[in-house]
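In terms of the UniProt record's numbering, the sequence shown opens at residue 1 and continues consecutively.
Ideal placement from N, C-alpha and C gives every residue a C-beta, glycine not left out.
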Amino acid sequence: MKPAKKSIGVFDSGFGGLNTLRSIVKALPQYNYIYLGDSAQAPYGNRSPGEVYKFTRQAVDFLFRNNCELVVLACNTASSEALRKIQQEYLPKHYPGRRVLGVLIPAAELAAVKKHKRVGIMATTGTVKSGAFKRELTKLKRDIEVYQQGCPLLVPIVEAGKENTKQTKIVLQNYLHPLLKQNIDVLILGCTHYGILKKQINRLVGNKVKIISEADIVPKKLAEYLRRHKKIANKISLNRAVQFYSTGQINKFEKLGSKFFGKKIRAQKAILQ
Ligand code: DGL
């Protein structure tokens, strides 16, 4: 019997993580990947921490049952509200030896460098409320000023494929205004969905503010992680296969997902339990 193929799992509440997966696959094309988007239950940002934990745990479980060796939570809301509990309580009990990684700390590390003094964060209401970015940034640099802006309308905009409309521009201007008023020198797009709006945000922010999008940093961090954890890296199959699952409508996921992933994708329905 052939050994089962092992993959790297990438999870988000919907389409945002596809942007992250796209750059991961570009940087590390040799591996097998499985993407899971929980569009049926998105947005996570307005849900309680208990719900976010439950959905994230179910998603991780789905990916592990489908032979993922390692899961990247390409979702800040899940990384801030569920990751620690999954790593400390769920994995040791149910999947010892497997790993789940988040995306929030790499973004905080890049923002908290010497030259940055005032950091703006755009994130979901849940991520803002969790205080996770502020906690991680101040751990790295005690005197850093952190200004957070919850942006609850942006995930529905991306999930509806409406990134390029006039209304979206107005919504973005309104969210950016309080941050720009604080003279921020760096802006973290603290939700993977917002990476899809990077161009539009860039146009409004200008080039004085550095924009940090997780799609630009996660691949490098993942490559470093795999170099440091050879035992895990060596288990992942090298067939360059990428599989997609969604809990939402499959035809919508394939259509919009192909746009965000930059290539035509075929998806299968996922049932989380
Ligand atoms: N893309 C996710 C994040 O990075 C989740 C957004 C949501 O579902 O509200 O936070």
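Under the assumption that Cys75 contacts Gly17 (Cβ atoms under 8 Å), give the Cβ distance between them as a whole number of angstroms. 6 Å
Contact check, Ile196 vs Val205, beta carbons under 8 Å: For Ile196 and Val205, no; Cβs fall outside 8 Å.
Hey, is Thr127 close to the ligand DGL, as in C-beta under 7 Å from one of its heavy atoms? yes
Could you pull the start and end residues of the beta strand (DSSP E) that Gln148 belongs to? Glu145 to Gly150
For Ala132, report the span of its alpha helix (DSSP H) as first-last. Ala132 to Leu140
State the beta-bridge partners of Arg118 as determined by DSSP. Glu145
Option in Gly190, Ser213 and Ala40 with minimal Cα separation from Gly131: Distance from the Cα of Gly131 is smallest, within the candidate group Gly190, Ser213 and Ala40, for Gly190.
Count the C-beta pairs between the segment 98–116 and the segment 74–88 that are closer than 8 Å, then say yes if the count reaches three, no if not. yes
Does DSSP put Ser79 in a helix, a strand or coil? Helix, per DSSP.
I'd like to check one pair, Pro106 with Val218: are the Cβ atoms closer than 8 Å? Taking 8 Å as the Cβ cut-off, Val218 and Pro106 qualify as a contacting pair.
The ligand DGL heavy atom lying under 7 Å from the CB of Gly150: no
Counterpart residues of Ser213 in DSSP-defined beta bridges: Leu189
Identify the continuous beta strand (DSSP E) that holds Asp61 and give its terminal residues. Note, Asp61: premise wrong, no beta strand (DSSP E); alpha helix (DSSP H) at Pro49 to Arg65.
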